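Here the structure comes first, spelled out in structure tokens, and everything after it is commentary.
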Amino acid sequence: MAAAVCRALHQQRPAPPVTKQGVTTPPARGRTTGAIATRGILRGSVGRPQAGPTRHATRQIGAWREASASGTEEAVPDGRAHCWLALRGSPSFPRPHPGIVQHTFVPPNSSTGTDHTMRPTALTTLLLTASLSGAPLTAPGLLAQGGGTPNSTQRGAVRRAPITVIDDVQVVDVEKQMVTPNRRVVLRGDSVLSVGAMSERLPDTVDVRVEGRGGYLIPGLVDHHVHLTPGMSRALTQTARGGVTMVNAMAGDNRTAGEYARAVLARELPGPEIAYASVMAGPDFFVDPRFRGASVGFAFGTAPWAQAVTSSTDVVRAVSAARGSGAEVLKLYAMIDSTLAARLIAEAHRQGMRVVAHGTVFPARPSQLVAGGVDILTHVPYLSWQGATTAKPEDAFNRANGPYEQVPADAPAIESLLQAMRTRGTFLEPTLEVFVGRPTTAPVMRAWSLAVTRRAHTIGIPILAGTDGMIGNDADALPNIHKELARLVEAGLSPAAALASATIVPARAMGRGKTHGTVAAGRVADLVLLDANPLIDISATTRIRQVFLKGQAVRTP
Numbered sequence: 001m002a003a004a005v006c007r008a009l010h011q012q013r014p015a016p017p018v019t020k021q022g023v024t025t026p027p028a029r030g031r032t033t034g035a036i037a038t039r040g041i042l043r044g045s046v047g048r049p050q051a052g053p054t055r056h057a058t059r060q061i062g063a064w065r066e067a068s069a070s071g072t073e074e075a076v077p078d079g080r081a082h083c084w085l086a087l088r089g090s091p092s093f094p095r096p097h098p099g100i101v102q103h104t105f106v107p108p109n110s111s112t113g114t115d116h117t118m119r120p121t122a123l124t125t126l127l128l129t130a131s132l133s134g135a136p137l138t139a140p141g142l143l144a145q146g147g148g149t150p151n152s153t154q155r156g157a158v159r160r161a162p163i164t165v166i167d168d169v170q171v172v173d174v175e176k177q178m179v180t181p182n183r184r185v186v187l188r189g190d191s192v193l194s195v196g197a198m199s200e201r202l203p204d205t206v207d208v209r210v211e212g213r214g215g216y217l218i219p220g221l222v223d224h225h226v227h228l229t230p231g232m233s234r235a236l237t238q239t240a241r242g243g244v245t246m247v248n249a250m251a252g253d254n255r256t257a258g259e260y261a262r263a264v265l266a267r268e269l270p271g272p273e274i275a276y277a278s279v280m281a282g283p284d285f286f287v288d289p290r291f292r293g294a295s296v297g298f299a300f301g302t303a304p305w306a307q308a309v310t311s312s313t314d315v316v317r318a319v320s321a322a323r324g325s326g327a328e329v330l331k332l333y334a335m336i337d338s339t340l341a342a343r344l345i346a347e348a349h350r351q352g353m354r355v356v357a358h359g360t361v362f363p364a365r366p367s368q369l370v371a372g373g374v375d376i377l378t379h380v381p382y383l384s385w386q387g388a389t390t391a392k393p394e395d396a397f398n399r400a401n402g403p404y405e406q407v408p409a410d411a412p413a414i415e416s417l418l419q420a421m422r423t424r425g426t427f428l429e430p431t432l433e434v435f436v437g438r439p440t441t442a443p444v445m446r447a448w449s450l451a452v453t454r455r456a457h458t459i460g461i462p463i464l465a466g467t468d469g470m471i472g473n474d475a476d477a478l479p480n481i482h483k484e485l486a487r488l489v490e491a492g493l494s495p496a497a498a499l500a501s502a503t504i505v506p507a508r509a510m511g512r513g514k515t516h517g518t519v520a521a522g523r524v525a526d527l528v529l530l531d532a533n534p535l536i537d538i539s540a541t542t543r544i545r546q547v548f549l550k551g552q553a554v555r556t557p
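Following the UniProt record's numbering, the numbering of the sequence shown begins with 1 at its first residue and continues without gaps.
Right, dumping it as structure tokens:
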């Protein structure tokens, strides 16, 4: 069965030899070979039958859990070829789920594999799930794995996507910074079908009708900097109900983030869409106890999503492992010099990842990260180290206590850095609330952070709203993105610019600028209906009437 999966994935590929544990095995004539992997849990290759006994891959969930934990190998005979499965991962993940599908092909007369990594299609995921569950690789069998019935109300009839009509709303254009009143917004399934006048003809069939009553419709908010840990399902749902429809998890256990992301995609968990990062830092930084819980089952610095790197690191392999954990983002954390940072950034870009770095990663300074091509610098107070006399690796443990008095916000070193960021198109994620919002924050840090954020915005650096703390613990708490937006306005952004920093700007930064971030036909139907105009008063984002996640209401009046 699993061999059928491999053939389905690779039927158009020529048959190069297969490399397995350093040994190149020529394929049988006329057969297809390759490798598949899902988030580091399932890995396999199709090649000529191997000598010796074979064992069938485990199909029961409990046994899969045991095999996954022990890292055993199973061979699945198919008569013509074998698909060798090396089950890798954690007992926490007893089933395959959407993630990175990584193909490694070895050309003839070569001992080096080339990684061709892509996002899986729904078909890929269903094939993998069906093969391990024993379901037949037929339309009914695959549909059973994907949710039961074949998208129909009766056998053979295709079920149409539900139509939702939101009448009489004022659509907020976050790009043009204007409001268009008396609009009718039609949703079809998980996307926006049309945005037009109230006089436009209704679809023939309407499943849900929403009376907007003059409310303000904005794109769903994005928190570009959160951290996810076990036990946050309720917090994710509460965050979505608070208007946040997408988050970017910046460090943690990617097994946890991946499971949340899968549950959200499968609509098992009402929550924001989740992207997440893999972290790299110097070996000495992994004494940080926060990495202990995020790397259970791995020696410190060896988890694919939390790697210790040095000048001798194989950056191609390291970045491949980081990406193979499901991460879209590579985060450079601390104790990385400018040369290594530039190598990691270049390789991450080559493999299609975005790169975020702390404002200073010690000893690499912000200007060196910008010159190396970093996409986003996070935590505005850390930029103060640009003008420091020294920025030693050990300063990473004291990074928030920057030289604010010695390097004022308008110092030439800071202005030069900001101009370089503007020229290179580097995003700034200030995370003001986590610093400025603390009662214990020194006044000099507060003033410095607000002033540099104001200057960055004034000269045209794109600003991202990120909280570094998604939501509080109170049962009725709103997500912290609303506090961050208020801080950005305090720093000098207009309400419209602050709103853009949590909608269209992060959508572009996350490579989703054509699908998210605005209320327009063809965009994902992540929408928030407000009682007041956020272009006039940013606190209007807290006056939430309804929230739609992929076209489905998760908060209603």
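Using N, Cα and C, we set each Cβ at its ideal position, and we do this for glycine too. Predicted, not measured: the structure shown is a model, and the values here were computed from it.
V434: CB within 7 Å of a non-hydrogen atom of the ligand ATP = In terms of ligand content, the structure shown is empty, and the ligand ATP therefore cannot be addressed.
Excluding sequence positions up to five away, which residues of its chain have a Cβ less than 6 Å from the Cβ of V319? Residue mapping note: residue 319 aligns to position 319 of the sequence shown, counting from 1. Hits under 6 Å: E347, A348 and Q351.
Q) Counting only runs that start and end within the stretch 420–486, where is the alpha helix (DSSP H) found for 4 or more residues in a row? A) The DSSP assignment places complete alpha helix (DSSP H) segments of no fewer than 4 residues inside the stretch 420–486 at 432–436 and 443–458, in order along the chain.
(request) Please state whether DSSP places R183 in a helix, a strand or coil. (result) What you label residue 183 is simply residue 183 of the sequence shown in a count that begins at 1. The three-state secondary structure of R183, taken from DSSP, is strand.
Taking the continuous beta strand (DSSP E) assigned at V329, which residues delimit it? As a first step, residue 329 is located in the sequence shown; it is residue number 329 there, counting from the start. Per DSSP, V329 belongs to the beta strand (DSSP E) from V329 to L332.
Quiz prompt | Exposure of G297, with buried meaning 16 or more beta-carbon neighbours within 10 Å | solution = Residue numbering aside, residue 297 sits at position 297 when the sequence shown is read from its first letter. An exposed status is given to G297, since fewer than 16 other beta-carbon atoms sit within 10 Å of its beta-carbon.
| message | Does R188 come out as helix, strand or coil in the three-state DSSP assignment? | response | For the purposes of this step, residue 188 is taken as the residue at position 188 of the sequence shown. When secondary structure is reduced to three states using DSSP, R188 falls in the strand class.
Am I right that V519 and V179 are in contact with their C-beta atoms under 8 Å? What's the rounded C-beta distance? Within the sequence shown, the letter at position 519 stands for residue 519. Within the sequence shown, the letter at position 179 stands for residue 179. With 8 Å as the limit, V519 and V179 do not qualify as a contact, their Cβ atoms being about 11 Å apart.
> Does DSSP classify Y404 as helix, strand or coil?
Replying inline: Here residue 404 corresponds to residue number 404 of the sequence shown, with the count starting at 1. Coil, per DSSP.
TODO: Using 10 angstroms around the beta-carbon of A197, count the other beta-carbons present and answer buried if the total reaches 16, otherwise exposed.
DONE: Counting from one through the sequence shown, the residue named residue 197 turns up at place 197. Its Cβ having fewer than 16 others within 10 Å, A197 is exposed.
Work out the CA separation of L228 and N480 for me, nearest whole Å. Counting from one through the sequence shown, the residue named residue 480 turns up at place 480. Counting from one through the sequence shown, the residue named residue 228 turns up at place 228. Going by the C-alpha atoms only, they are around 14 Å apart.
Is it true that the CB of A540 sits closer than 8 Å to the CB of A553? Counting from 1 along the sequence shown, the entry for residue 553 is found at position 553. Counting from 1 along the sequence shown, the entry for residue 540 is found at position 540. No, the pair does not count as a contact, with Cβ atoms beyond the cut-off.
Do three or more CB pairs link the stretch 360–376 to the stretch 328–339 at distances below 8 Å? Put simply, the stretch 360–376 touches the stretch 328–339. At least three CB pairs are less than 8 Å apart.
If we call anything under 8 Å between Cβ atoms a contact, is P495 one with I538? For the purposes of this step, residue 495 is taken as residue 495 along the sequence shown, with counting starting at 1. For the purposes of this step, residue 538 is taken as residue 538 along the sequence shown, with counting starting at 1. Yes, the Cβ-Cβ distance between P495 and I538 is below 8 Å.
Q. Nearest-angstrom Cα distance between residue 577 and S295?
A. Since the first residue of the chain shown is 1 and the last is 557, residue 577 is not available in this structure.
Q.
Can you tell me whether S320 is helix, strand or coil according to DSSP?
A. As a first step, residue 320 is located in the sequence shown; it is residue number 320 there, counting from the start. If DSSP states are grouped into helix, strand and coil, S320 belongs with the helices.
### Query
What does DSSP give as the partner residues of I544 in its beta bridges?
Here residue 544 refers to the residue found at position 544 when the sequence shown is read from its first residue. In the DSSP output, where bridge partners are listed per residue, I544 has L530.
Per DSSP, which residues does Q170 bridge with? Please list them. Here residue 170 refers to the residue found at position 170 when the sequence shown is read from its first residue. For Q170, which the question treats as bridged, DSSP gives the partners Y216.
Problem - Option nearest A477 by Cα separation, candidates V244, D190, E200 and R183 - result: The sequence position of residue 477 within the sequence shown is 477, counting from 1. For the residues V244, D190, E200 and R183, the minimum Cα distance to A477 belongs to V244.
Item to complete: Specify, as a first and last residue, the run of the alpha helix (DSSP H) that V264 falls within.
Response: Locating residue 264 in the sequence shown gives position 264, where the first residue counts as 1. Per DSSP, V264 belongs to the alpha helix (DSSP H) from N254 to L265.
Exercise for review: Using three-state DSSP, classify T54 as helix, strand or coil.
Suggested key: Residue numbering aside, residue 54 sits at position 54 when the sequence shown is read from its first letter. Note that T54 has pLDDT 31, beneath the 50 cutoff, so the model's placement of it is unreliable and the number below is only indicative. Here T54 sits in coil by DSSP.
Query raised in the report: To the nearest angstrom, how far is it from the Cα of V434 to the Cα of G469?
Result: Sequence index remark: in the sequence shown, residue 434 carries index 434 (1-based). Sequence index remark: in the sequence shown, residue 469 carries index 469 (1-based). So the alpha carbons of these two residues sit roughly 7 Å apart.
Which residues bound the beta strand (DSSP E) around T245?
On the sequence shown, position 245 is the one that residue 245 refers to. According to the DSSP assignment, T245 belongs to the beta strand (DSSP E) that extends over V244 to A249.
Could you compute how far the alpha carbon of I544 sits from the alpha carbon of G387? Position 544 of the sequence shown, counting from 1, holds the residue named residue 544. Position 387 of the sequence shown, counting from 1, holds the residue named residue 387. So the two alpha carbons sit approximately 43 Å from each other.
Less than 6 Å between C-beta atoms, sequence neighbours within five positions excluded: which residues of the same chain meet that for A409?
For the purposes of this step, residue 409 is identified with residue 409 of the sequence shown, where counting begins at 1. So the list reads W448, A451 and V452, once near-sequence residues are dropped.
Is the separation between the beta-carbon of A502 and that of L485 shorter than 8 Å?
Position 502 of the sequence shown holds residue 502. Position 485 of the sequence shown holds residue 485. It is a contact, given that the beta carbons lie within the stated cut-off.
Worksheet item: Which one or two residues does DSSP pair with H358 in a beta bridge?
Response: Counted from its first residue, the sequence shown places residue 358 at position 358. In the DSSP output, where bridge partners are listed per residue, H358 has T378.
Using a 10 Å radius around the Cβ and a threshold of 16 neighbouring Cβ atoms, would you call D223 buried or exposed?
Translated into positions along the sequence shown, residue 223 becomes position 223. The residue in question, D223, is buried, as its Cβ has 16 or more Cβ neighbours within 10 Å.
According to the neighbour-count rule (16 or more other Cβ atoms, all chains shown, within 10 Å of its Cβ), is S325 buried or exposed?
Locating residue 325 in the sequence shown gives position 325, where the first residue counts as 1. When all chains shown are included, S325 counts as buried.
Alpha carbon of A161 to alpha carbon of L535, nearest angstrom = Here the question's residue 161 lines up with position 161 in the sequence shown. Here the question's residue 535 lines up with position 535 in the sequence shown. Cα to Cα, the separation comes out at about 33 Å.
Check: For the candidate residues G402, P403, A371 and N401, whose alpha-carbon lies nearest to that of S416?
Finding: Counted from its first residue, the sequence shown places residue 416 at position 416. Cα-wise, what sits closest to S416 is A371.
Query raised in the report: Buried or exposed: Q238, going by 16 or more other Cβ atoms within 10 Å of its Cβ?
Result: For the purposes of this step, residue 238 is taken as the residue at position 238 of the sequence shown. So Q238 counts as buried.
* How many angstroms separate the CA atom of P439 from the CA atom of T431? -> As a first step, residue 439 must be located in the sequence shown, where it is residue number 439. As a first step, residue 431 must be located in the sequence shown, where it is residue number 431. Their backbone Cα atoms lie some 15 Å apart in a straight line.
Checklist line | Buried versus exposed, by CB contacts within 10 Å (16 or more), T32 | finding: Residue mapping note: residue 32 aligns to position 32 of the sequence shown, counting from 1. At T32 the pLDDT is 32, less than 50, meaning the model places this residue with poor confidence; the figure from the coordinates comes in the next sentence. By the neighbour-count criterion, in which 16 or more other beta carbons inside 10 Å mark a residue as buried, T32 falls on the buried side.
**OP:** Give the C-beta separation of M335 and A281 to the nearest angstrom, bearing in mind that I take them to be a contact with Cβ-Cβ under 8 Å.
**Re:** As a first step, residue 335 is located in the sequence shown; it is residue number 335 there, counting from the start. As a first step, residue 281 is located in the sequence shown; it is residue number 281 there, counting from the start. That belief holds up - the Cβ atoms of M335 and A281 are roughly 6 Å apart, short of 8 Å.
Quiz item: Beta carbon of V315, beta carbon of R354: below 8 Å?
Solution: Position 315 of the sequence shown, counted from the start, is the residue given in the question as residue 315. Position 354 of the sequence shown, counted from the start, is the residue given in the question as residue 354. No, Cβ-Cβ distance for V315 and R354 is not below 8 Å.
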